[in-house]
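Below: one structure, written as structure tokens.
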Amino acid sequence: MLEKLPQPVIFAHRGASAYAPENTLAAFRLAAKQGVEAIELDAKLTADGEVVVIHDMTVDRTTNGHGEVRRLRLEEIRRLDAGSFFSEAYRGEKVPLLREVFEELGQRLFINVELTNYNAPLDPLPVKVAQLVREYHLEERVLFSSFNPWNLLRIRRRLPECPVALLALEGRSGWLARSDLMHWVSPRIIHPYFADVTPEWIRHAHQRGRRIHVWTVNRAEDLETLFRWGVDGVFTDDPILAMQIRSRVKG
Ligand code: G3P
Ligand code: MG
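What follows is the structure, given as structure tokens:
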């Protein structure tokens, strides 16, 4: 399915997060309305084992609450306002459940689920996410990524048909390409920081049959350069800008 999307694939990073509060249904709906083909979101578990969509380990920056997501129960998280940190117009927006995103948008958007249990790497997040993918029949419409390779192995055991991508930390793309992880996990896709890639590096990956999706690109000149260099996908907060530049570069 990934290969059938417009190329290079544009992933609205945390939704259309330049225009609406990141990782909310409002940001995902807006991305769909803007006409982009894919979104990226950050999944983690609450204290009572529900899969929610939020980037940080704590709720502090993006809601009016305090505390670690993994120590709060769903009911406590759902009481929080996840919109007004961005703008008053979004007051009342909630931290979504992954289930809600799948139910409302799973058939309209391709979804990159980043498994972000970085402070609880052995928790059941991959198991719960895999169950939801099966429940909503989204096997053809999801891509999993993580900085933690163990997550990718765990999800692949449950969903062997779904693509997985290893995320590289800023400055670590060269190291990752040479590391044993490439043999151990053998991901078909790598997600490096955009400023770490070069045309040679992209060519090298393509020769090995790997796709390259770069995070997170918001400036027009960077988008244009990366499209010309042949990246296979970009994560961007501004899908409108990225779609304009893709049309221009592809002519
Ligand atoms: O998945 C691309 C990007 O989202 C990785 O970094 O911190 O924005 O989740 P972060
Ligand atoms: Mg992410």
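In UniProt numbering, the protein residues as written are 1 to 251.
Cβ atoms here follow ideal geometry from the backbone N, Cα and C, with glycine treated the same way.
In this text, all values refer to a predicted model and were calculated from it rather than measured experimentally.
- As computed with DSSP, residue 36 is found in no beta bridge at all.
- Taking 3 residues as the shortest admissible run, the region 62-115 contains the following complete beta strand (DSSP E) segments, listed from N- to C-terminal end: 110-115.
- Shown here, residue 137 sits in coil according to DSSP, grouped into three states, outside any helix or strand.
- Ligand 1 never approaches residue 109 closely enough for any of its heavy atoms to be under 7 Å from the residue's Cβ.
- Residue 117 and residue 221 have their alpha carbons spaced roughly 33 Å apart.
- Remark: the shortest separation between the CB of residue 75 and any heavy atom of ligand 2 does not fall under 7 Å.
- In the DSSP assignment, residue 13 falls within the unbroken beta strand (DSSP E) covering 9-13.
- Secondary structure note for residue 194: it is in no alpha helix (DSSP H), with a DSSP letter that is neither H nor E.
- Sorted by chain position, residues whose beta-carbon lies closer than 7 Å to a non-hydrogen atom of ligand 1 are 13, 14, 40, 42, 55, 112, 114, 116, 145, 167, 191, 215, 216 and 235.
- With respect to residue 193, residue 173 sits close: the two C-beta atoms are nearer than 8 Å.
- From the listed residues 37, 211 and 59, the smallest Cα separation to residue 232 is found for 211.
- For the set 54, 46, 234 and 92, the Cα lying nearest the Cα of residue 70 is the one of 46.
- Residue 211 is bridged by DSSP to 189.
- Distance between residue 68 and residue 125, taken at the CA atoms: about 16 Å.
- In the DSSP assignment, residue 174 falls within the unbroken alpha helix (DSSP H) covering 173-178.
- According to the DSSP secondary-structure assignment, residue 146 is paired through a beta bridge with 166.
- Going by C-alpha positions, residue 106 is about 13 Å away from residue 31.
- Within its own chain, the residues whose Cβ lies closer than 6 Å to the Cβ of residue 170, once the five positions on either side in sequence are excluded, are 193, listed in chain order.
- Taking a 10 Å sphere around the C-beta of residue 114, we find 16 or more other C-beta atoms and assign the residue as buried.
- Only exposed fits residue 1, as fewer than 16 other CB atoms lie within 10 angstroms of its CB.
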